[in-house]
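Structure, as structure tokens:
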Amino acid sequence: ECVKILLEFGAHINGFTSISTEKLTPLMLAFQEGYLNIVLYLIEYEAKIEAHDRFKRTSLIHACMYENAHIVSHLLRMGTNANVFDSSMNTALRYAIAYGWYFCVQLMIEASTNLNYANCWQTICLRVDFSKGHHGICDYLLTE
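Per this note's numbering, the sequence shown starts with residue 178, numbered consecutively.
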């Protein structure tokens, strides 16, 4: 309800938080918190799904970072680019793996995300997974 009122009174739907923070859009904040109803409302009012924050992370990356598999699923069904990456060339899949979010990893793999994509330090997703000790995800990645 609060979001509706703000938009009715001219709040900028694609505005950013301050640069001293992370330069997040309202949509990114909703993705982080897992508020699907607000996400759907903002998208209906043409919020930019592919907008980038200060570190060039998109909404899909934010949803993967905060373990919001239901939102990751919705974004992927909408046709969001699953192979998007940030300023360090880290993909949404890499974030899901690094944090150990199994269901986000599973959704990203089902969306044909490139598992062998190397970031700017030339490390691939499986190495990150192994070094973080997420052995269940390692097993899943090796068998899929």
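Using N, Cα and C, we set each Cβ at its ideal position, and we do this for glycine too.
Everything numeric in this text was worked out from a predicted model, so none of it was measured.
So, does the segment 254 to 261 touch the segment 271 to 279, judging by three or more C-beta pairs under 8 angstroms? The segment 254 to 261, when compared against the segment 271 to 279, does not touch it at the 8 angstroms Cβ threshold.
Looking at C-beta atoms only, is the number of pairs between the segment 223 to 238 and the segment 203 to 215 that lie closer than 8 angstroms three or more? Judged by Cβ distances under 8 angstroms, the segment 223 to 238 makes contact with the segment 203 to 215, as three or more pairs qualify.
Under the assumption that residue 228 contacts residue 202 (Cβ atoms under 8 angstroms), give the Cβ distance between them as a whole number of angstroms. Taking the first residue of the sequence shown as 1, we reach residue 228 at position 51. Taking the first residue of the sequence shown as 1, we reach residue 202 at position 25. About 5 angstroms separates the beta carbons of residue 228 and residue 202, which is inside the 8 angstroms limit, making them a contact pair.
Can you tell me whether residue 363 is buried or exposed? The criterion is at least 16 other CB atoms within 10 Å of its CB, across all chains shown. Because the chain spans 178 through 321 in this model, residue 363 falls outside it and cannot be assessed.
Specify, as a first and last residue, the run of the alpha helix (DSSP H) that residue 271 falls within. Start at 1 with the first residue of the sequence shown, and residue 271 comes out as number 94. Segment 269 to 276, the alpha helix (DSSP H) holding residue 271.
Contact defined as beta carbons within less than 8 angstroms: I believe residue 241 pairs with residue 281. What is the distance between those atoms, to the nearest angstrom? Residue mapping note: residue 241 aligns to position 64 of the sequence shown, counting from 1. Residue mapping note: residue 281 aligns to position 104 of the sequence shown, counting from 1. With a Cβ gap of about 5 angstroms, residue 241 and residue 281 count as contacting.
Residue span of the alpha helix (DSSP H) that contains residue 302, given as start and end: For this step, residue 302 is matched to residue 125 along the sequence shown. Going by DSSP, residue 302 is part of the alpha helix (DSSP H) stretching over 302 to 309.
Simplified DSSP assignment, three categories, for residue 262: Along the sequence shown, one-based indexing puts residue 262 at 85. Strand at residue 262.
Limits of the alpha helix (DSSP H) - the one that residue 255 falls within: On the sequence shown, residue 255 is found 78 positions in, with the first residue counted as 1. According to the DSSP assignment, residue 255 belongs to no alpha helix (DSSP H), since it is labelled neither H nor E.
Here's the rule I'm using: 16 or more other beta-carbon atoms within 10 Å means buried, otherwise exposed. How should residue 255 be labelled? As a first step, residue 255 must be located in the sequence shown, where it is residue number 78. A residue is called buried once 16 or more other Cβ atoms fall within 10 Å of its Cβ, and residue 255, having fewer, is exposed.
By Cβ distance below 6 angstroms, which residues in the same chain neighbour residue 244 in space, the five residues on each side in sequence not counted? Residue 244 sits at position 67 when you count from the first residue of the sequence shown. The residues are 278.
If we ignore side chains and look at the alpha-carbon of each, how far apart do residue 314 and residue 204 end up? Working through the sequence shown from its first residue, we reach residue 314 at position 137. Working through the sequence shown from its first residue, we reach residue 204 at position 27. A direct Cα-Cα distance of roughly 28 angstroms separates residue 314 from residue 204.
Round the Cβ separation of residue 225 and residue 191 to the nearest angstrom and send it over; I've been treating them as touching at under 8 angstroms. The sequence position of residue 225 within the sequence shown is 48, counting from 1. The sequence position of residue 191 within the sequence shown is 14, counting from 1. Residue 225 to residue 191, Cβ: 5 angstroms. Contact.
Rounded to a whole number of angstroms, what is the C-alpha to C-alpha distance between residue 297 and residue 266? For the purposes of this step, residue 297 is taken as the residue at position 120 of the sequence shown. For the purposes of this step, residue 266 is taken as the residue at position 89 of the sequence shown. Going by the C-alpha atoms only, they are around 6 angstroms apart.
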